[in-house]
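Enquirer: Let me begin by handing over the structure; questions about it come next.
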Amino acid sequence: MEHDTPTSTTPPTRRLLARLVTRMAHGYFALARGMTMGVRAACFDDAGRVFLVRHSYVPGWHLPGGGIERGETALEALEKEMREEGNLALGAPPALVHVYFNRQTSRRDHVLLYRCDGVTQTAPRLKDREIVEAGFFALDALPVATTLATSRRLEELAGRAPFADFW
Numbered sequence: 001m002e003h004d005t006p007t008s009t010t011p012p013t014r015r016l017l018a019r020l021v022t023r024m025a026h027g028y029f030a031l032a033r034g035m036t037m038g039v040r041a042a043c044f045d046d047a048g049r050v051f052l053v054r055h056s057y058v059p060g061w062h063l064p065g066g067g068i069e070r071g072e073t074a075l076e077a078l079e080k081e082m083r084e085e086g087n088l089a090l091g092a093p094p095a096l097v098h099v100y101f102n103r104q105t106s107r108r109d110h111v112l113l114y115r116c117d118g119v120t121q122t123a124p125r126l127k128d129r130e131i132v133e134a135g136f137f138a139l140d141a142l143p144v145a146t147t148l149a150t151s152r153r154l155e156e157l158a159g160r161a162p163f164a165d166f167w
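Per the UniProt record's numbering, the very first residue in the sequence shown carries number 1; after that it's consecutive.
And the structure:
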């Protein structure tokens, strides 16, 4: 099983805290839901750059996304996460690309990956408790700490790797 390798600058205490918070959240979701499902958005602007976020609670750069709440459709969750994590607006209807089993998070978690083209940012995304950095990046100039999962998804979208079944 492949794992995202935290950057050497991520303190061990922070990595442990991230794992603890993730397990606690999924423990709650196990009681509240039979299965967890989330969305991730590969958001590309008109220049072909991809939008990535760096969270305060997990190491590395990620595609924006989050869990689908009860009573919420996948597309509603996608638009909400894009808005909350990046002040992003869709330019064209999102395309569902693939469904992944996220066994690194839990034995019940699935992720829907959407490709979103023509995405615009309505306002700069300022740092807060959840997002410490965010921005658009050229595919050949991704941040050094981009997670392995994010890099793999971008390789799949570019047609340079087959789509995996696992996040």
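For every residue, glycine included, the Cβ atom is placed at its ideal position computed from N, Cα and C.
1. Given this structure, state the Cα-to-Cα distance separating glutamine 104 from threonine 150, to the nearest angstrom.
2. Exposed or buried, what is proline 94 when buried is set at 16 or more other beta-carbons lying within 10 Å of its beta-carbon?
3. Taking the continuous alpha helix (DSSP H) assigned at threonine 150, which residues delimit it?
4. Could you compute how far the alpha carbon of leucine 52 sits from the alpha carbon of isoleucine 131?
5. Using the Cβ count rule (16 or more neighbours within 10 Å means buried), how would you classify arginine 54?
6. Between which residues of its own chain and glycine 65 is the CB-CB distance below 8 Å, once the five residues before and five after are set aside?
7. Could you check which residue in Cys43, Arg129 and Val144 has the C-alpha nearest to that of tyrosine 114?
8. Per the contact definition of three or more C-beta pairs closer than 8 Å, is the region 70 to 77 in contact with the region 156 to 167?
9. Between the C-alpha atoms of phenylalanine 101 and leucine 139, what's the straight-line distance to the nearest angstrom?
10. Straight-line CA distance for leucine 158 to valine 50?
11. Determine whether the beta carbon atoms of aspartate 109 and alanine 92 lie at a separation below 8 Å.
12. Mind checking arginine 107: buried by the 16 CB within 10 Å criterion, or exposed?
13. Return the Cβ separation of valine 97 and tyrosine 57 in integer angstroms, given the expectation that the two are a contact with Cβ distance under 8 Å.
14. Taking the beta carbon of glutamate 76 as the centre, do at least 16 other beta carbons fall within 10 Å, making it buried, or is it exposed?
15. For chain C, is any of its Cβ atoms less than 8 Å away from the one on alanine 18?
Expert: The relevant details are as follows:
1. 14 Å
2. buried
3. 148 to 157
4. 10 Å
5. buried
6. Gly38, Val39, Arg40, Ala41, Leu78, Glu81, Glu85 and Val111
7. Out of Cys43, Arg129 and Val144, Cys43 has the C-alpha closest to the C-alpha of tyrosine 114.
8. Too few Cβ pairs lie closer than 8 Å, so no.
9. 25 Å
10. This sequence places alanine at residue 158; leucine is not what is there. One C-alpha to the other measures close to 12 Å.
11. No; because the gap between Cβ atoms is not below 8 Å, this pair is not in contact.
12. exposed
13. Contact doesn't hold; Cβ gap of about 26 Å is too wide.
14. exposed
15. No chain C appears in this structure, which consists of one protein chain only.
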